[in-house]
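In my numbering, the protein residues as written are 659 to 727.
Built from N, CA and C at the ideal position, the CB exists for glycine as well.
Working notes, beginning with the structure itself.
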Amino acid sequence: MTQTETLDVTGMSCDGCEQNVVNALESTDGVESAEADHESGTVEVVLGDDVDDETLESAVDHAGYEVVA
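In structure tokens form, the structure reads like this:
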């Protein structure tokens with residue numbers, strides 16, 4: 659069962675930033691796909707397996723950006 663989650667991410671300012679976040683998330687186990695929008699500061703993540711929020715936040719942090727609550 660897939661589910662979609664929206665993350666608010668700070669620090670993205672261009673298409674390259676979007677791609678960095680997408681690559682980090684899509685390399686995370688359980689993430690089927692991700693689509694980032696630096697203008698709105700959001701990332702839509704499609705999850706195939708149960709992935710906890712900490713794992714998603716860690717992937718974004720590792721890419722150099724921050725998930726905000």
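Grouping DSSP H, G and I as helix and E and B as strand, with all else coil, what is residue i?
i: Val709; result: coil
In terms of DSSP beta bridges, what is residue i paired with?
i: Asp666; result: Thr700 and Val726
What residue does the beta strand (DSSP E) around residue i start on, and which one ends it?
i: Ala694; result: Val689 to Asp695
Could you give the first and the last residue of the continuous alpha helix (DSSP H) run that contains residue i?
i: Cys672; result: Where Cys672 is concerned, there is no enclosing alpha helix (DSSP H), given that its DSSP letter is neither H nor E.
Just to confirm, are residue i and residue j a CB contact at a threshold of 8 Å?
i: Glu715; j: Val704; result: no
i: Asp709; j: Val718; result: Checking the sequence, you will find Val at residue 709 rather than Asp. Cβ distance not < 8 Å, so Val709 and Val718 don't count as in contact.
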